[in-house]
Amino acid sequence: MPELPTNLKGFAHVYDRAHINTDEIIPARYLNVHEEAELAKYAMEDIDVDFVKRVKPGDFVIAGENFGCGSSREHAIWALRGAGIKVVIAANYSRIFFRNAINNGFLAIECPEALGIVKSGDQLELDLLAGKLRNLSNGQEATFVPISDFARELIEDGGLLPHIQKKAAKAA
Amino acid sequence: MGMTITEKILAAHSGRDSVVPGEIVNAKLDLIVCHDVTTPPAVQMLKKLGINKVFDPSKILVTPDHFVPNKDIKSAELSKQLREWRIEQGIERYYEIGNHGICHAIAPEQGHVLPGQTIVCGDSHTTTMGALGTFSSGVGSTDLAAALATGELWFKVPDSMLFELNGDLPFGVYSKDIILYIISKIGVDGARYKAMEYRGSGLKSLTMEARFTITNMAIEAGGKSGIMPADSIAEDYVKARTSESYTIYNSDEDANYSERFTINLSELEPIVALPDLPSNGRFIGEIKREKMDQVYIGSCTNGRIEDLRIAAQIFKGNKVADGTRAIVVPATTEVWKTAMKEGLLEIFADAGCVVSTATCGACLGGHMGVLGAEEKCLSTTNRNFVGRMGSPKSKVYLASPATAAATAITGTITDPREFLKKTAAAAA
Ligand code: SF4
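Next up, the structure:
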């Protein structure tokens, strides 16, 4: 499995709001499918109809508190990832969204300061090991608590299921 | 140091004497509940990995509920995948259309939920089952897949918050009002990652049906779980449904809580949560009597028989207002049948309501009452996020079944006590 990349670069899509919920990230009317490419077409549709058109592979979503609250639908992660989003940086997360992110090997970074230094369109660089977010467009920086060892292990294994398989193989 | 019920259940299921909040444990699961939206992707993940057998079919319960009876071709495919998978896996606890129900309602109703259990389901309102003294929490599809394959799952032991409910609910005020009150007090992230534990003399006056409404909405405050000690009311409920044995856990006197709240039930009034957050609750006397295009009575929050009885009491002899639509959706087939036998369906029909079969339906904007742009709906469901019941331009107001019924009759947001008084006076 791939090592966790230490440095990531991408452009920011900022949603300066708390409680962005999974109904907004992927509305229930699209839950009759679960293919990432299909879900990706509707990502964030109820907040921002042009989101999908603007996102480029590797981009970041920046948001406020309690990101991903509400429904447990993992489709929210798949829709964002399918649309090209590499990392979400929020002030903090709802429990199920955060868990789903780790389980999918998807990066959900908790950084309350990010909103203060980033605007949409800025180019960002994320140093996962150092816990540093750099805004390459304005030179400002923010720090965050590097992800926990447990989360890192899951993400490095490629998510929960490969992690379990690896453990089972070791035990055998 | 003492432990909370939640800590005791998690310790017992992970082979430990004790656990403390923040620790990560691998807990064995007693029940895994599966529905038509989040299970098919989990099954696909397992197939991809070559895992062809679930860990134990007898610990799995399957019911299609979200888009049933299938609303379109794609949702029919989801139900079909679920049906074929359960046959292939030999899962016997399966509730096909005609016996089906919303997962969080049918699992306890049919006697599959026992005090002391650990339960997961790929659905955020799994917290509902905590009212029977279980640790039950919602997960995504990957967790669900891992749970189905291995029968265990990692959990961070949550901090517990204690809500002490004292006194009795006043006339016309219901458990939905209690939980809307609590969420408005602590906010939609007030219990983020935490277990919301309830106790106090006020619990004794609440039936199991009323209690499920409270634990159901733990997630609307961000909670990991909602939990109540299994008392004699809970035991009576369980014993009427199954003869299986179980273990009851109670919190120690010196258990540690991150926060404590005391709520005097006698001070509550009917509450309406205004759009677009469940935490926007206001006492009904403080808000405008806005006109509603639709009233929806149902869901895993308030689609149980007691809810329908309360609504029927208000609808009896009245008519749904011109310009308003009322939709009643029993949470399970059994609720539907009981409502029929008790004559409630006739009361709803005479009042001009539409009664559906059990389904999640319009609760999540699926079908059976989806809202158009600019429409307003007063609903007994649990979430009023933007677009939750249809168009992102529609608005959802949350309230109790009594408030919903009263609102359907006048067409504007109405205090149910106005009608309950009339009913009481008519009976006298
Ligand atoms: S009734 Fe609504 S909240 Fe409950 S499980 Fe169904 S969609 Fe979710």
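Residue numbers (my numbering), protein chains in the order written: chain A, 913 to 1084; chain B, 2 to 429.
For each residue, glycine too, the CB sits at the ideal point set by N, CA and C.
Since this is a predicted model, take the numbers as computed values, not measurements.
Next item on the list: Reducing DSSP to helix, strand and coil, say where A/P914 ends up.
Entry: Summary for A/P914: the model assigns pLDDT 49, below 50, so the residue's position carries little reliability; its value from the coordinates is reported in the next sentence. DSSP places A/P914 in coil when its eight states are reduced to three.
Next item on the list: Return no unless some Cβ of chain B is closer than 8 Å to the Cβ of A/L1027.
Entry: no
Check: How is B/I25 classed by DSSP in three states: helix, strand or coil?
Finding: strand
Margin query: Strictly under 8 Å for the Cβ-Cβ distance: is B/I25 near chain A by that measure?
Written below: yes
Note to self: Between B/Y194 and chain A, is any beta-carbon pair separated by less than 8 Å?
What the structure shows: Cβ-Cβ to chain A under 8 Å: yes for B/Y194.
Checklist line | Any 3 or more C-beta pairs closer than 8 Å across the segment 138 to 152 of chain B and the segment 169 to 189 of chain B | finding: With the rule of 3 Cβ pairs closer than 8 Å, the segment 138 to 152 of chain B does not count as touching the segment 169 to 189 of chain B.
Check: Beta carbon of B/A322, beta carbon of B/I410: below 8 Å?
Finding: yes
Note to self: Based on DSSP bridge pairs, tell me the residues matched to A/I1021.
What the structure shows: In the DSSP assignment, A/I1021 is bridged to A/I1001.
Checklist line | Within chain A, partners of B/D190 - CB distance below 9 Å | finding: Those within 9 Å of B/D190 in chain A are A930, H931, E977, N978, C981, N1004 and S1006.
Note to self: Taking 8 Å as the limit between beta carbons, can you name the residues of its chain near B/G139, skipping five residues before and five after?
What the structure shows: If we look at B/G139 and ignore the five residues flanking it on each side, its Cβ neighbours are V121, C122, G123, D124, S125, H126, T127, T128 and I220.
Notebook entry, point to check: On the premise that B/T325 lies in contact with B/G412, defined as a C-beta separation below 8 Å, what is that separation, rounded to the nearest angstrom?
Noted result: 4 Å
Next item on the list: Determine contact between the segment 99 to 114 of chain B and the segment 62 to 79 of chain B, defined as no fewer than three beta-carbon pairs at a distance below 8 Å.
Entry: Contact annotation: the segment 99 to 114 of chain B touches the segment 62 to 79 of chain B, with at least three C-beta pairs closer than 8 Å.
Margin query: Residues of chain A with CB closer than 8 Å to the CB of B/T143, please, in chain order.
Written below: Neighbours of B/T143 on chain A, chain order: E986, N1012, N1015, N1016, G1071, L1072 and L1073.
Checklist line | Test item: CB-CB of B/R212 and B/A332 under 8 Å | finding: Going by C-beta atoms, B/R212 is not nearer than 8 Å to B/A332.
Checklist line | Pairwise C-alpha distance: B/T404 and B/S380 | finding: 9 Å
Checklist line | With 16 other Cβ atoms within 10 Å as the buried cut-off, status of B/N281 | finding: buried
Item checked: Assigned exposure category for A/P914 - 16 Cβ within 10 Å defines buried -> Because the pLDDT at A/P914 is just 49, under 50, the model does not fix this residue reliably, and the value given afterwards should be weighed accordingly. Here A/P914 is exposed, its C-beta having fewer than 16 other C-beta atoms within 10 Å.
Checklist line | Own chain partners of A/Y927 with C-beta closer than 6 Å, once the 5 adjacent residues on each side are dropped | finding: A975
Check: Run through DSSP, which three-state label would A/I1067 get?
Finding: helix
Note to self: Tell me the DSSP secondary structure of A/D1039 in three-state form.
What the structure shows: Strand at A/D1039.
Check: Quick one: is the Cβ of B/D178 within less than 7 Å of any heavy atom of the ligand SF4?
Finding: no
Margin query: One question on the structure: do B/C354 and B/V329 come within less than 8 Å of each other, judged by their Cβ atoms?
Written below: yes
Item checked: heavy atom of the ligand SF4 below 7 Å from B/C430 C-beta -> Outside the modelled stretch of chain B, which goes from 2 to 429, sits residue 430 of chain B, for which no answer is possible.
Check: Under three-state DSSP, which class holds A/H946?
Finding: coil
Notebook entry, point to check: Under three-state DSSP, which class holds B/Q111?
Noted result: In the three-state reduction of the DSSP assignment, B/Q111 falls in the coil class.
Notebook entry, point to check: Near B/D57, what residues of its chain come up, given a Cβ to Cβ distance below 8 Å and the 5 sequence neighbours on each side ignored?
Noted result: G152
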